[in-house]
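In terms of numbering that gives the first Met the number 0, the numbers along the sequence shown are unbroken and rise by one, the last being 564.
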Amino acid sequence: MEIKDKKVMILGGFGLVGRAVCRDVLKEQPSEIIITSLFQWEAEEACQNFADSGVPMHPVWGNLFVREKLKDMSRSEIMDSPENRAILLKDVLEVLDAETLENSFLYRIIKQYQPNIIVDCVNSATALAYQDIYSGYYHVKRELAAWDENGKPGENLRIEMEKFLGTSYIPQLIRHIQILFESTCRFGVSSYIKVGTSGTGGMGLNIPYTHSEEKPSRVLLSKTSLAGAHSLLLFLMARTPDAPNVKEIKPATAIAWKKIAYGEILRHGSPIPLYDCPPGKAFTLSETLNKGGKAEYSTLSGNLKAVYIDTGENGIFSYGEFFTITNFGQMQFVTPEEIARYVITEIKGGNTGRDIIGALDASVMGSTYRSGYMRQYALAKMEELLKEHDCDSVAFEILGPPRLSKLLYEAQLLKLAGKTMAGVMAFKSAELSRKLTEIISENSELRSKIISIGVPILMPDGCTVLRGPDMKIPVFKYSDELPVTPDNLEEWTYNGWVDLREANMIVWLDRLHQIDDYLKSIDPEDTSSLYHHGLGYWQPKEELHIGRLVSWIFIEEEKGARVKD
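Listed below in structure tokens is the structure:
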């Protein structure tokens with residue numbers, strides 16, 4: 000799409016790649032640019048850098064992975080507060096509800112600015128993986144050991160367990176993608192392009208660069224795992240109807256650079272103080288080593304200064320470090336300007352060959368001609384056996400979800416009641432409810448099959464339920480008892496109960512009329528390849544086909560169609 004006169008939001012716009020992207024976006028004459036960063040000064044400085052462009056610039060700051068209330072808090076401020084921890088755990092680990100979605104900081108800024116294009120330059124994998132679940136494990140392990148010794152859990156165990164759950168990487172990433180998808184769909188984002196990471200700068204399991212962990216580093220491999228999971232989640236998002244055009248550029252090398260200078264060396268934003276410990280004040284090693292140290296070191300005036308190269312999010316490197324990491328046979332590097340050029344080209348519809356979502360589309364195996372051919376044999380063989388054994392084969396509740404089993408069995412009941420589509424539509428809704436109830440009451444074999452796979456049957460009175468020992472719906476998460484409220488009942492029947500109430504019959508009749516209207520709109524003389532689900536597929540004068548009917552519901556009602564072959 001064209002960038003001219005479009006609103007562009009750059010997530011992580013203060014960073015090395017984000018600035019380069021902003022610079023190139025401005026050349027395309029957007030109507031305005033929204034730049035986000037973690038801290039206020041970063042977002043404002045990034046906007047100030049382009050203040051002379053004449054394009055309105057909006058600075059936005061805060062943590063994109065949490066709700067707005069927590070966006071300006073450090074990780075420790077969130078995790079050390081019982082109230083904040085409870086909010087975080089609810090937002091990440093519970094079902095995504097309207098309250099969680101609408102309080103998300105990412106959702107709110109997309110709603111506020113409603114950009115046409117989003118370029119995501121946040122190093123999401125690093126942000127999540129460096130929360131370090133492995134360190135959390137050791138804290139929990141220590142408290143569990145104390146529990147064993149004392150015979151009862153302490154308050155610290157609860158705290159450490161909550162913190163441990165709060166560092167679970169995959170749930171955080173999944174929630175981020177869910178919120179991103181809902182936000183971009185609701186507010187009309189046309190194009191979303193991610194600048195991702197491979198996690199190891201393009202190197203393998205032999206990577207020598209770690210943070211003093213074992214080699215290869217579990218934390219580093221966690222980052223790579225998240226980077227891969229992120230790409231596949233975006234791959235799914237790109238295959239979802241009504242989603243924006245999704246692409247990802249994934250550099251598999253180091254990225255450099257922002258500045259070369261001489262001055263104070265900053266680590267995590269703070270200068271490195273200078274200390275000294277002459278040989279005469281050394282301490283002798285004993286059986287234990289104290290983290291705090293026993294040497295009589297002295298604090299010198301001033302901080303560490305040297306020549307450095309600023310590589311943005313990756314930090315400040317010395318000459319020796321930069322030479323080593325970018326050398327041939329090591330990570331090497333790519334410049335942010337090259338990445339930005341790929342981003343702009345992909346947004347505008349060009350093909351750089353660097354979009355890994357497109358690469359995945361091109362390389363994954365989809366359905367094949369042979370499978371389509373063999374499917375006909377498989378279905379024919381099953382139909383032959385159905386006739387031979389005079390039985391049905393509706394649902395086993397192994398594939399899931401329970402809603403599939405519920406719909407298939409309701410469709411089977413409709414077929415038994417009216418045989419054909421026209422036969423079912425001849426019923427009034429109240430008559431259809433009575434007829435299906437009669438079938439369930441008299442056909443003990445069918446009734447047994449339904450409740451034996453864990454699908455309850457709600458009778459027409461709305462309060463009488465036929466069930467077996469297992470119910471797939473509802474899911475009893477926190478208690479063995481749940482309140483029966485009107486809302487809960489509607490949720491349960493929708494998700495996995497055969498529903499014999501008249502209201503549900505009205506829904507089924509409406510579906511059949513929609514299909515019938517569609518079939519009537521097709522010219523019987525049209526023998527072209529236009530209709531893949533046409534008259535020949537539905538065969539409306541034949542027996543109602545439960546699989547075709549439920550597929551239609553998933554495709555048309557639930558918008559669950561596959562959009563790429």
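C-beta: ideal position from N, C-alpha, C; glycine also.
By the criterion of a C-beta distance shorter than 8 Å, Gln28 is surrounded in its chain by Ile2, Lys3, Asp4 and Val54, once the five residues flanking it on both sides are discounted.
In the structure shown, the three-state DSSP call for Ala50 is helix.
Within the stretch 357-414, complete alpha helix (DSSP H) segments of at least 4 residues are found at 368-388, given in chain order. Within the DSSP secondary-structure output, Phe186 pairs in no beta bridge.
With contact defined as three or more Cβ pairs closer than 8 Å, the stretch 76-92 and the stretch 151-171 are in contact. Per DSSP, the continuous beta strand (DSSP E) segment holding Ile32 begins and ends at Glu31 to Ser36. Straight-line measurement puts the Cα of Asn494 at about 26 Å from the Cα of Asp515. With a 10 Å radius around the Cβ and a threshold of 16 neighbouring Cβ atoms, Pro81 comes out exposed. Inter-segment contact for the stretch 261-269 and the stretch 325-342 is absent: fewer than three beta-carbon pairs are separated by less than 8 Å. Between Pro459 and Thr436, the CB-CB gap stays under 7 Å.
Rounded to whole angstroms, the separation of the alpha carbons of Leu543 and Val549 is 11 Å. Around the beta carbon of Ala281, fewer than 16 other beta carbons lie within 10 angstroms, which makes this residue exposed. Under DSSP, the beta-bridge partners assigned to Gly262 are Ala305. For Asn244, the uninterrupted beta strand (DSSP E) segment begins and ends at Asn244 to Ile248. Taking a contact as a CB-CB distance under 8 Å, the pair Pro335 and Val16 counts as one, their CB atoms being some 5 Å apart. In this structure, Ser221 and Tyr168 form a Cβ contact; the two beta carbons are roughly 6 Å apart against a cut-off of 8 Å. A contact between stretches requires three or more CB pairs, one per stretch, nearer than 8 Å, and the stretch 202-211 fails this requirement with the stretch 132-139. Between the stretch 61-69 and the stretch 18-25, the count of Cβ pairs shorter than 8 Å is below three; the stretches do not touch. Under the rule that a run must span 4 or more residues, no alpha helix (DSSP H) segment is found entirely inside the stretch 446-470. Bounds of the alpha helix (DSSP H) holding Asp23 are Leu15 to Lys26. For Trp60, the beta-bridge partners assigned by DSSP are Ser36. Of the candidates Leu415, Ser269 and Arg510, Leu415 places its Cα closest to the Cα of Glu541. For Met8, the uninterrupted beta strand (DSSP E) run begins and ends at Lys6 to Leu10, by DSSP. Checking the DSSP bridge columns, you'll see Ser103 partnered with Arg66. In this structure, DSSP gives Thr199 a state outside helix and strand, which the three-state scheme calls coil.
Per the coordinates, the alpha-carbon of Arg74 lies some 12 Å from the alpha-carbon of Asp131.
The Cβ atoms of Val20 and Val118 lie closer than 7 Å to each other. Asn313 and Val188 have their alpha carbons spaced roughly 30 Å apart.
In terms of Cα proximity to Phe322, the closest of Ala255, Leu233, Ile32 and Gly195 is Ala255.
Thr298 sits in a strand when the DSSP states are folded into three classes. When secondary structure is reduced to three states using DSSP, Tyr274 falls in the strand class. Classified as exposed, Asn487 has fewer than 16 neighbouring CB atoms from the shown chains inside 10 Å of its CB. Taking a cut-off of 8 Å on C-beta distances, the stretch 268-281 does not touch the stretch 386-404, as fewer than three cross pairs fall below it. Pairing Pro468 with Phe475, the inter-Cα distance amounts to about 14 Å. Nearest C-alpha to Glu247 among Ala358, Ala421 and Ser443: Ala358.
Along the length of the stretch 111-147, whole beta strand (DSSP E) runs at least 3 residues long occupy 116-119, reported in chain order.
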